[in-house]
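Heads up: the structure comes next, in structure tokens.
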Amino acid sequence: MGWIWPIILGLVLALVIRTFFFSLVRVDGTSMYPNLQNNEQVMMVKQAKIRPGSVVVFNAYGVDVKNTTVTPKTKYVKRVIGMPGDQVKYTKAGELYVNGKLQSQSYISKVQQTTGTTTLQLDEAKGVDVGTNHTFKVPQGKYFVLGDNRANSNDSRYYGFVPRKKILGVVKVWPWNAQKSVINSFNPN
Numbered sequence: 001m002g003w004i005w006p007i008i009l010g011l012v013l014a015l016v017i018r019t020f021f022f023s024l025v026r027v028d029g030t031s032m033y034p035n036l037q038n039n040e041q042v043m044m045v046k047q048a049k050i051r052p053g054s055v056v057v058f059n060a061y062g063v064d065v066k067n068t069t070v071t072p073k074t075k076y077v078k079r080v081i082g083m084p085g086d087q088v089k090y091t092k093a094g095e096l097y098v099n100g101k102l103q104s105q106s107y108i109s110k111v112q113q114t115t116g117t118t119t120l121q122l123d124e125a126k127g128v129d130v131g132t133n134h135t136f137k138v139p140q141g142k143y144f145v146l147g148d149n150r151a152n153s154n155d156s157r158y159y160g161f162v163p164r165k166k167i168l169g170v171v172k173v174w175p176w177n178a179q180k181s182v183i184n185s186f187n188p189n
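Okay, so the sequence shown: first residue is 1 according to UniProt numbering, each after it adds one.
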């Protein structure tokens, strides 16, 4: 009977780690291509600090209200472009400016930078179309996120800002992953 305590302790420890520190998440779809692949398993670090360029996992329920297939269990994986309080300008040429500074998008091609919608459908940014040289401010407690595959990404351009309380964690890929520099530690500045 002495063998049961190590098993129970191991299970409790695994549950605590998964609940409070990290868990595995499966990428569903191609919105983060070419850096994350459909069905790829990634780590979600729950206590990691969200930074500009971080790839995050968030609960899409209540955020993407126009998509009728979203359930309370639906999670999206996207890259943080605008932090709370940031001034963002997104041009038709695909350039991103945050607080007046051009952001590096070296994680995707020039073609990918210029594809996708040119009209922002943000309630907080009504009338601010991509390429109009207007900026919009990310509200406090919220984030502006984009998929790396701009032509095939349902992101903040469509459903608006993501509240901090909806973000579940920051994505990290395995050390041997070829894309680790653009996922684990990318800095757009």
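Here a beta-carbon is modelled for each residue, glycine too, at the ideal position from N, C-alpha and C.
Own chain residues within Cβ distance below 7 Å of residue i, not counting five before or after
| i | result |
| --- | --- |
| N152 | T30 and S31 |
| Y61 | V70, T71, P72 and T74 |
| Q140 | P84 and G85 |
| V138 | G82, M83, P84, G85, D86, V88, F144 and F161 |
| Q37 | V27 |
| S109 | none |
| G2 | none |
Close beta carbons around residue i, own chain, < 6 Å, minus the five adjacent residues each side
| i | result |
| --- | --- |
| S54 | V80 and V170 |
| Q113 | G94 and Q105 |
| K78 | V145, G147 and D155 |
| I167 | V56 and F58 |
| E40 | V27 |
| V182 | N35 and Y107 |
| residue 198 | In the structure displayed, the chain extends from 1 to 189; residue 198 sits before or after that span and is not available. |
| D64 | V70 and Y159 |
| A48 | V170 |
Whole-number beta carbon distance between residue j and residue i, since they are thought to touch under 8 Å
| i | j | result |
| --- | --- | --- |
| Y107 | N154 | Going by Cβ atoms, the distance from Y107 to N154 rounds to 19 Å, so no, they are not a contact pair. |
| L15 | M43 | That pair is no contact at about 17 Å. |
| V98 | P163 | At roughly 19 Å, the Cβ-Cβ gap does not stay under 8 Å, so V98 and P163 are not in contact. |
Neighbour-count burial assignment, residue i, 16 or more Cβ in a 10 Å radius
| i | result |
| --- | --- |
| S156 | buried |
| N149 | buried |
| D28 | exposed |
| N187 | exposed |
| N184 | buried |
| L9 | exposed |
| V12 | exposed |
| L96 | buried |
| G100 | exposed |
| G116 | buried |
| K92 | exposed |
| K142 | buried |
Per DSSP, the bridge partner or partners of residue i
| i | result |
| --- | --- |
| Y107 | Paired residues: none, contrary to the question. |
| V145 | V80 |
| I167 | F58 |
| K172 | M43 |
| F22 | V45 |
| F136 | V88 |
| V162 | Y143 |
| V98 | V88 and K101 |
| K75 | N59 |
Residues of its chain near residue i, where Cβ-Cβ distance is below 8 Å and the 5 sequence neighbours each way are ignored
| i | result |
| --- | --- |
| K66 | Y158 and Y159 |
| L102 | E95 and L96 |
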